[in-house]
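Just so you know, the UniProt record's numbering puts 337 at position 337 of the sequence shown, and the rest follows in order with no gaps.
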Amino acid sequence: LSLSPGSTSCFSRKGRADGTEESSLLQHRQTEHRKETQGQDISTEPHLHSETEGHTEHSSGTDNDEDWRAPISCSAAQMVSAQGADKKKHQCSVCKKRFGTKQILQRHIRVHTGERPFSCSICKKTFTIKCNRDKHLKIHTSERPYNCSICEKAFALKRSLDAHLKIHTGDKPFSCQTCKKTFTIKGNLDKHVRTHTGEKPFSCLTCEKTFSQKAHLHEHVKTHTGERPYSCSTCEKTFVTKSHLLKHERTHTGERPYSCSTCEKTFVTKSHLRKHERTHTGERPYSCSTCEKTFGLKCNLDAHMRVHTGERPFSCSTCVKTFVTKSSLCKHERMHTGERP
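Next comes the structure, spelled out in structure tokens:
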């Protein structure tokens, strides 16, 4: 086995010219790198909301930079493992995808389970892949070796610089084949496509609830563990995610940093602004796979789907009557309490 000088990812299997297994290994590892830092929006209660006003949808506050492909560094053990894999004999029991080595399969399974075994010793943030944890540590060391040649802003990670550059170029190379909406980052396109397909590939091992985004699963898991690591310095209220904390802190400061370019209305969160902008554009990106009805808000699509499934997940603790939406339950409960809205 020989590596070309300076190569970080090139290796060949003896007697095999096409490099199929190696290509699969590299492609999968690069996919894992992209997914690790996937940006996300977290939907709130699935009760029906007016689509003429913004409604809270929490976001992680992380860079949406999945488009970057991380350099791959293969250990000798991984190269030997790839050489010995004559076929993709290791199959994922969840999605049936096949892999050439057991090691790659085990890493892939974390996509479904939400397992993040590598943690930052400083802020306790967790990662599915060790090299992503190592890159994250640069945030704490203040090392920012990647500089924008246009505005001189510096970044700790190359993928963050690559994503930032698209702000200057306006480049949005990834487009949805269904609605033609375009995106700067492939990871954002992948998430958007699920609004059309309804795919929810990430499942909770505890309650088997499924999610369309891995970040949704990570936050959901904390409802089982009770973990609330982020606290407000003003009122000491605690939160599951940093983005929830940042949004809460604006209730103390009154900050509304997001403004509509059409009517100049301001919002506490970017997701509020995005939803508000749909009142100007008429965009309804969420469609029902059964009857093709479209919605401006995902929570309204979720509530609508129960018309087809018959699901009534909200029940009254007094009379056990069930409801399709939480807002309907709240109205009903006032009959028992006598409360007037």
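For glycine and all other residues, C-beta sits at the position ideal for the given N, C-alpha and C.
Pair within 8 angstroms by beta-carbon distance, residue i and residue j
i           : j    : result
H168        : F155 : no
F314        : K331 : no
F267        : H276 : yes
residue 342 : C204 : Because the chain spans 1 through 341 in this model, residue 342 falls outside it and cannot be assessed.
H112        : K102 : no
T241        : H252 : no
T195        : K293 : no
P229        : K124 : yes
K191        : G114 : no
F99         : H108 : yes
E249        : C263 : no
L161        : C148 : yes
K172        : T182 : yes
L105        : C95  : no
T318        : H304 : no
R133        : C120 : yes
R316        : L329 : A small correction: the amino acid at residue 316 is Cys; Arg does not occupy that position in the sequence shown. In this structure, L329 lies closer than 8 angstroms to C316 by Cβ.
Rounded distance between the beta-carbons of residue j and residue i, thought under 8 angstroms
i    : j    : result
I185 : F174 : 7 angstroms
T238 : H224 : Actually they do not touch by this definition, with Cβ atoms about 16 angstroms apart.
Y258 : T269 : 7 angstroms
R334 : V324 : Not quite, the Cβ-Cβ distance comes to about 17 angstroms (not below 8 angstroms), so this is no contact.
C260 : L273 : 6 angstroms
G296 : R306 : That pair is no contact at about 18 angstroms.
F127 : H140 : The pair is not a contact, with the Cβ atoms about 14 angstroms apart (cut-off 8 angstroms).
K130 : Y146 : The pair is not a contact, with the Cβ atoms about 21 angstroms apart (cut-off 8 angstroms).
G170 : S289 : That belief does not hold up - the Cβ atoms of G170 and S289 are roughly 33 angstroms apart, past 8 angstroms.
L189 : C176 : 6 angstroms
Coil, strand or helix - residue i by DSSP
i           : result
A303        : helix
S160        : helix
S233        : coil
residue 342 : This structure cannot speak to residue 342, because the chain is shown only from 1 to 341.
T253        : helix
T241        : coil
S327        : helix
P5          : Any reading at P5 must be qualified, since the residue scores a pLDDT of 42, below 50, and its modelled position is unreliable; the value itself is stated next. Coil.
T337        : helix
V322        : The sequence as given places Thr at residue 322; Val does not occur at that position. Strand, per DSSP.
P182        : Reading the sequence as shown, one finds Thr at residue 182 and not Pro. Strand, per DSSP.
H332        : helix
L25         : Because L25 sits at a pLDDT of 45, beneath the cut-off of 50, its placement in the model cannot be relied upon, and the point is left open.
C288        : coil
Bounding residues of the alpha helix (DSSP H) (the contiguous stretch that carries residue i)
i    : result
V221 : K214 to T225
V193 : K186 to T197
L297 : L297 -> no alpha helix (DSSP H), and no H or E assigned at all.
Any chance you could list the alpha helix (DSSP H) runs of at least 4 consecutive residues sitting entirely within the stretch 80-151, in chain order? The alpha helix (DSSP H) runs lying completely inside the stretch 80-151 and spanning 4 residues or more are 102-113 and 130-141, given in chain order.
Completely contained alpha helix (DSSP H) runs for the UniProt domain "C2H2-type" (258-285), where each covers 4 or more residues: As far as the UniProt domain "C2H2-type" (258-285) is concerned, its whole alpha helix (DSSP H) runs of at least 4 residues are 270-281.
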